[in-house]
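Enquirer:
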């Protein structure tokens, strides 16, 4: 997904910032498969995460000693697909039909299921429908999610996070599936002539609350690191602010950099993220992005995906405020 952290890591901005210090910023993939799940439960000490809202919220409710130190919101494609020969031509044509929710029994927090559920909910609501107007069908998925993460285009065609969903759709086990962000472009190419996009929340309506889907992204840090080395946290966030400032005036380079990380083409980035995505990477704790985070929380809690979470004690804006000061830039609201 679109993050300043991913761009900064590829541009070696963290190396430059922390050169000669006691700190080094590394990708958790370097630690091997045994640490892969720390991306979800944040059990690795002295770690940062910038990504979808679902795992850090879930981890916090389960006692993870973390702080939320920034939020970002970049709208991306949130699309519903049907088979190419399906008679449906509008969302209302899905009434009474089967909408697939992927279920991965092996994963700590099934954020892909939550994403699909929220995607269908918002698509239905945007078209005057309710969840009760369709039938949700669980689709068991036993893929290797980590095999689809941080791919390299030079390695050739990579698996999509939605290949299994498409397989269920093409076998006729469900009538509609959900897909999001740059994966939308990937599966449109891979399954051209076999599946068809029915609706995309990003392009077909403007209500930001409907576009909440793992958005806002949350920047979290191990609370122990924040207590013991607050300046390091400020400097990490300063790199994100600096990167957001660079991306705002380098749209082509930002798209290319994101594409390398996600294992898609730069055109996929341009076609599946909002047109000014490169200007939306600024971390903030502004009232709008906080309101949108509450939309995500309310949806999850209302459907049993999430327990109580105390945002006021978890969100700590002082580190980000200092990062903007250090970089000599006004904080983004």
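Residue numbers (the numbering used here): -14 to 318. We treat Cβ as the ideally placed atom computed from N, Cα and C, and that holds for glycine.
For the beta strand (DSSP E) that residue 207 lies in, which residues bound it at each end?
Expert: Counting from 1 along the chain shown, the entry for residue 207 is found at position 222. 202 to 207 is the span of the beta strand (DSSP E), which, as asked, contains residue 207.
Enquirer: CB-CB under 7 Å to residue 93, same chain, minus the five flanking residues each way: which ones, in chain order?
Expert: As a position in the chain shown, residue 93 is number 108, starting the count at 1. Excluding positions up to five away in sequence, the list reads 22, 25, 26.
Enquirer: Taking the alpha carbon of residue 90 as the reference point, which residue from 112, 63, 76, 124 has its own alpha carbon closest?
Expert: Along the chain shown, read from residue 1 onward, the residue named residue 90 stands at position 105. Checking every option, the nearest Cα to that of residue 90 belongs to 124.
Enquirer: Just verifying my parser: in three-state terms, what is the DSSP assignment at residue 53?
Expert: For this step, residue 53 is matched to residue 68 along the chain shown. Here residue 53 sits in strand by DSSP.
Enquirer: Which residues share a DSSP beta bridge with residue 121?
Expert: Position 136 of the chain shown, counted from the start, is the residue given in the question as residue 121. Residue 121 pairs with 84.
Enquirer: Compute the distance between the beta-carbons of residue 108 and residue 186, then report whether it is under 9 Å.
Expert: What you label residue 108 is simply residue 123 of the chain shown in a count that begins at 1. What you label residue 186 is simply residue 201 of the chain shown in a count that begins at 1. Cβ atoms of residue 108 and residue 186: closer than 9 Å.
Enquirer: To which residues does DSSP link residue 300 through a beta bridge?
Expert: As a working mapping, residue 300 is identified with position 315 in the chain shown. Paired residue(s): 53.
Enquirer: According to the Cβ coordinates, are residue 169 and residue 244 closer than 9 Å?
Expert: Working through the chain shown from its first residue, we reach residue 169 at position 184. Working through the chain shown from its first residue, we reach residue 244 at position 259. Not in contact: residue 169 and residue 244 (Cβ atoms no closer than 9 Å).
Enquirer: Which of helix, strand or coil does DSSP assign to residue 140?
Expert: Sequence index remark: in the chain shown, residue 140 carries index 155 (1-based). Note that residue 140 scores a pLDDT of 47, beneath 50, so its modelled location is shaky; the value from the coordinates is reported in the next line. Reduced to three states, the DSSP call for residue 140 is helix.
Enquirer: Could you check what DSSP says for residue -2 in three-state terms: helix, strand or coil?
Expert: Translated into the one-based positions of the chain shown, residue -2 becomes position 13. Helix at residue -2.
Enquirer: Please report the Cβ distance between residue 37 and residue 96, rounded to the nearest whole angstrom; I am assuming they are in contact, meaning their Cβ atoms lie under 8 Å.
Expert: Mapped onto the chain shown, residue 37 falls at position 52. Mapped onto the chain shown, residue 96 falls at position 111. Going by Cβ atoms, the distance from residue 37 to residue 96 rounds to 6 Å, so yes, they are a contact pair.
Enquirer: For the alpha helix (DSSP H) containing residue 98, name the first residue and the last one.
Expert: Here residue 98 is taken as the residue at index 113 of the chain shown, counted from 1. Start and end: 96 to 111.
Enquirer: Starting from the C-beta of residue 210, find all residues in its chain whose C-beta is less than 6 Å away, skip the five residues before and the five after it, and write them out in chain order.
Expert: Numbered from 1 along the chain shown, position 225 holds the residue referred to as residue 210. Here the set comprises 31.
Enquirer: Along the beta strand (DSSP E) that carries residue 167, what are the first and last residues, could you check?
Expert: Walking along the chain shown from the start, residue 167 turns up at place 182. Segment: none, residue 167 is in no beta strand (DSSP E) and carries neither H nor E.
Enquirer: Alpha carbon to alpha carbon, what distance is there between residue -14 and residue 199?
Expert: The count along the chain shown starts at 1 and reaches residue 199 at position 214. The count along the chain shown starts at 1 and reaches residue -14 at position 1. Computed Cα separation, rounded: 10 Å.
Enquirer: Give me the Cβ distance between residue 98 and residue 86, rounded to the nearest whole Å; I'm assuming they're in contact under 8 Å.
Expert: As a first step, residue 98 must be located in the chain shown, where it is residue number 113. As a first step, residue 86 must be located in the chain shown, where it is residue number 101. About 5 Å; that satisfies the 8 Å criterion.
Enquirer: Quick check on residue 86 - is its C-beta less than 9 Å from some C-beta in chain B?
Expert: No chain B is present in this structure, which holds just one protein chain.
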